[in-house]
Every structure is written in C-alpha cells, then in structure tokens.
Amino acid sequence: MLTRRHVRIKVIQSLYSFFMSKNNDLKKEIHFFNESISNIFELYYFLISLLITFYKYSNNQIKHLKKAKLDVTKKINNHQKIKDNIILFLIDKRCKSNKKKFKEKDEQWELENKYVKILLDELFKSDFFKKYILIKKPSFKEQKQIILDFFIEIIAPSNHIFEYVVDKKLTWEDDLPLINTFIVKQIKSINLTNKNKIIFPEITNFKNDIFFGQKLLKICIKNNDEIIEELKGKTPNWEIERITNIDLMILNAAIAEILHFELIPTKVSINEYIEISKDYSTPKSNIFINGVLDKLVKEFQLENRLNKVGRGLI
C-alpha cells in the first residue's frame, strides 16, 4: 500500500515544513514525518469503515422501513441489495476480528451518517445500480462489480468525502488518491478461493520504506548547506534565490538520494523526482529539475562520487 514515491513526497513535505517554519528541531520533524506515515494507514481504516457503515446502515434502514406504514418497497429492495452483498459481508466479517482498529472509526461514520445517506442515495439513482437491482440472484462477480462501481464512480470522486476527510487531517489530501487506488485493487483481488483471506495492511509491514524516508529526511536536513553548494552554477538562468521553495526541496531530496543511497539506481531517483515535480510544482518545473539533475549526475560521475553497488548499478 505504501509506495516509495509516496514516502518521497512525505519527505519533501517535511523538508518544506522544516525550512519554512525555521524551527531547527530535527527530532520534531522526524516525528511529523512518522505521524504523516501513520496517518496514511488511519485513512485506509477510515475508508474501509465507511464501506462497513453502508452495510450496517442498510440493515438498520430495512428494519426501520418495514415498520413504516407507507409503501417503501423500492427503498427496502435497494437497501436489501446492499445488506445481501457478499463483498461487504466479507469485509465486515474481517473487520470484526480487528475491533480495536475499527470501533472508533465506525462510531465516527455513524455520527456523520448524512454522508452515508448522501452516497447511498447517489448509488440508488445511478444507472449501474438500476440495472443491478433487476438481477434477482447476482453472482459473486456481479456483487463485486457493484461495489467496485460504487467506490470508483461515487465514493472516490465525492467532494463530500474529500472535504470531510481533509477537514479531519490536512495530510490526507495527498493520501486519498493512494488509498482509493489500493482499496480498489483490494476489492478486485477478492475471489471465491480467497474470500476468507482479506488482509488489512499493517504499518509494521513497511519498516524498510519508512526507514528509507527517515534516513533521507535526516540526510537532507543535515547536509542542506552542502547540497545548496552543489546547485550553484547548475541552475541555468536562475540564481539559487529565484528557485521556488518546492523545487529546492525536490532537488535537495533528489541529490541526497543519488549520493547517499547506493542501492537505488541513479536513473530511478531522477525519474521519481521528475514525476513528483509534475504533480507538486509549477508547470515546466520537471524540465528544469531534469536539466539540473542531469548536469549534476555527469559531474558526480566524472568525480567518481556515485558509489552505487548491487541493484544501484542497474
């Protein structure tokens, strides 16, 4: 779930926070980095809890609607399709074995059930659900597809969810696309042979990636002055003072990684930071960063400063 690119982004954000706030407290910044990584997993559990809340909400609505004197057959049928969904049932079953992780998050969604209602209403109005409701006994594949459609077409792009999530934790704005993509992959992977093997990611499974981020952040901060010196004369038509702050942070991380991580191929590092600049910096920054890194790498090669070994030689 946690990718090296996302770790690099977290490092750049931490660098930006550190140098812009001028707090000079490395321990505090490492703590901020660790917390931002931990929050990624919190967001995952938060969104999985949302899926479970749909399941529980529909179950409760069926009980409530059956007591009503009005003709609510259509509404009951809609909610019955959610209650009977095997994918939601399996996820709920798996969550029950991790009560500590989900109890608080379930309660939060139950308190904010207006979002649950809004999203379910959108689902029930959708063309793909109107077709699904006509299937008397949907297959496992059809039940999985309706949850995928629900997540991809309604939940993931929802402004309501985006605003609610970002309001809870600011760092979740960048994490949301990552988690949405992972949940979609996870739902797709559920099949009849592994339906009882839904695995929730644990932060302990990503120790190497987190250590990589911590080490990179420390090197960037401790060697910032030296890295700035490396940049002098390598920025065509630009003085150091005129480079945008975010580009400086990207270059800082890229140079630190190229020089201090012997197992990571130079080409991989360059490509990663160019891609990050496309999403997080100004237009054409990727061209600027590519040009600067290309010059620096050629210089490092001439000076025999690229001490790559193993996979780093690829």
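Quick note: to get this note's numbering, add 3 to the position in the sequence shown (first position is 1).
Where is the CB? At the ideal position from N, CA and C, for every residue including glycine.
Source: prediction; values computed, not measured.
Should Val52 and Phe105 be called a contact, given that it needs their Cβ atoms to be closer than 8 Å?
By 1-based counting over the sequence shown, the position of residue 52 is 49. By 1-based counting over the sequence shown, the position of residue 105 is 102. In the sequence under discussion, the amino acid at residue 52 is Ser, which differs from the Val named in the question. Yes. Within cutoff.
Could you tell me whether the stretch 63 to 72 touches the stretch 163 to 180, where touching means 3 or more Cβ pairs closer than 8 Å?
No, the stretch 63 to 72 does not touch the stretch 163 to 180.
Check for me: the alpha helix (DSSP H) holding Asp87 runs from which residue to which?
Numbered from 1 along the sequence shown, position 84 holds the residue referred to as residue 87. Premise fails: Asp87 is in no alpha helix (DSSP H) and is neither H nor E.
Could you check if His34 is buried or exposed, using at least 16 other CB atoms within 10 Å of its CB as the buried criterion?
In the sequence shown, counting from the first residue as 1, residue 34 sits at position 31. Exposed: under 16 other Cβ atoms inside 10 Å.
Evaluate Leu54 with the Cβ neighbour count: other Cβ atoms within 10 Å of its Cβ, from every protein chain shown; 16 or more gives buried, anything less gives exposed.
Here residue 54 corresponds to residue number 51 of the sequence shown, with the count starting at 1. Within a 10 Å sphere around the beta-carbon of Leu54 sit 16 or more other beta-carbons, which makes this residue buried.
N- and C-terminal bounds of the alpha helix (DSSP H) containing Asp170:
In the sequence shown, the residue the question calls residue 170 occupies position 167. For Asp170, the enclosing alpha helix (DSSP H) begins and ends at 162 to 171.
So, under 8 Å CB-CB, Gln146 and Ile89 are touching, yes? Tell me the CB distance rounded to an integer number of Å.
Numbered from its first residue, the sequence shown carries residue 146 at position 143. Numbered from its first residue, the sequence shown carries residue 89 at position 86. The C-beta distance from Gln146 to Ile89 rounds to 5 Å, short enough to fall under 8 Å.
For Arg314, count neighbouring C-beta atoms within 10 Å of its own C-beta (all shown protein chains included) and say buried if the count is 16 or more, exposed if not.
Here residue 314 corresponds to residue number 311 of the sequence shown, with the count starting at 1. When all chains shown are included, Arg314 counts as exposed.
So what does DSSP say about Val312, is it helix, strand or coil?
Mapped onto the sequence shown, residue 312 falls at position 309. Secondary structure at Val312: coil, using DSSP grouped into helix, strand and coil.
By a C-beta neighbour count over all protein chains shown, 10 Å radius and 16 as the cutoff for buried, is Ala71 buried or exposed?
One-based indexing of the sequence shown puts residue 71 at position 68. By the neighbour-count rule (16 or more Cβ atoms within 10 Å), Ala71 is not buried but exposed.
Tell me whether Lys128 is buried or exposed, calling it buried when 16 or more other Cβ atoms sit within 10 Å of its Cβ.
The residue given as residue 128 occupies position 125 in the sequence shown. Label assigned to Lys128: exposed.
With 8 Å set as the bound, which would you pick, yes or no: does the beta-carbon of Gly294 sit closer than that to a beta-carbon of chain D?
Judged by its chain identifiers, the structure shown contains no chain D, having just a single protein chain.
Within the same chain, show all residues whose beta-carbon is closer than 8 Å to that of Arg8, passing over the 5 residues directly before and after it, in chain order.
The residue given as residue 8 occupies position 5 in the sequence shown. Once the five neighbours on either side are set aside, the close Cβ partners of Arg8 are Glu275, Glu278, Ile279.
Distance between Glu32 and Glu38 (C-alpha atoms, nearest Å):
By one-based count along the sequence shown, residue 38 stands at place 35. By one-based count along the sequence shown, residue 32 stands at place 29. Each residue's alpha carbon lies about 10 Å from the other.
Can you tell me whether Val75 is helix, strand or coil according to DSSP?
Stepping through the sequence shown from its first residue, residue 75 is reached at position 72. In this structure, Val75 counts as coil in the three-state DSSP scheme.
Are the Cβ atoms of Ser284 and Ile253 separated by less than 8 Å?
On the sequence shown, position 281 is the one that residue 284 refers to. On the sequence shown, position 250 is the one that residue 253 refers to. With contacts defined by Cβ atoms closer than 8 Å, Ser284 and Ile253 form a contacting pair.
State buried or exposed for Glu233, treating a residue as buried only when at least 16 other CB atoms are found within 10 Å of its CB.
Along the sequence shown, read from residue 1 onward, the residue named residue 233 stands at position 230. Under a 10 Å Cβ-count criterion, Glu233 is classified as buried, with 16 or more other Cβ atoms of the shown protein chains found around its own Cβ.
Helix or strand or just coil, what does DSSP make of Ile317?
In the sequence shown, residue 317 corresponds to position 314, counting from 1. Coil, per DSSP.
Arg7 - containing alpha helix (DSSP H), residue span
Translated into the one-based positions of the sequence shown, residue 7 becomes position 4. First-last of the alpha helix (DSSP H) with Arg7: 7 to 24.
Euclidean distance between Cα positions of Glu306 and Gln16
As a working note, residue 306 is residue 303 in the sequence shown. As a working note, residue 16 is residue 13 in the sequence shown. For Glu306 and Gln16, the distance between alpha carbons rounds to 31 Å.
Tyr58 and Ile79 - do their beta-carbons sit closer together than 8 Å?
Taking the sequence shown and counting its residues from 1, the one referred to as residue 79 is at position 76. Taking the sequence shown and counting its residues from 1, the one referred to as residue 58 is at position 55. Going by beta carbons, Ile79 and Tyr58 fall outside the 8 Å limit.
For Ala159, the three-state DSSP class (helix, strand or coil):
Position 156 of the sequence shown, counting from 1, holds the residue named residue 159. If DSSP states are grouped into helix, strand and coil, Ala159 belongs with coil.
With a cut-off of 8 Å on the beta carbons, I'd call Phe291 and Asp228 a contact; round off their distance for me.
Along the sequence shown, read from residue 1 onward, the residue named residue 291 stands at position 288. Along the sequence shown, read from residue 1 onward, the residue named residue 228 stands at position 225. About 22 Å separates the two Cβ atoms, so there is no contact after all.
Would you call Arg11 buried or exposed, if buried means 16 or more other Cβ atoms sit within 10 Å of its Cβ?
By one-based count along the sequence shown, residue 11 stands at place 8. Classification of Arg11: buried, given that the 10 Å Cβ count is 16 or more.
Distance, Cα to Cα, Glu113 vs Thr56?
Indexing the sequence shown from 1 puts residue 113 at position 110. Indexing the sequence shown from 1 puts residue 56 at position 53. Straight-line spacing of the CA atoms in Glu113 and Thr56 works out to 7 Å.
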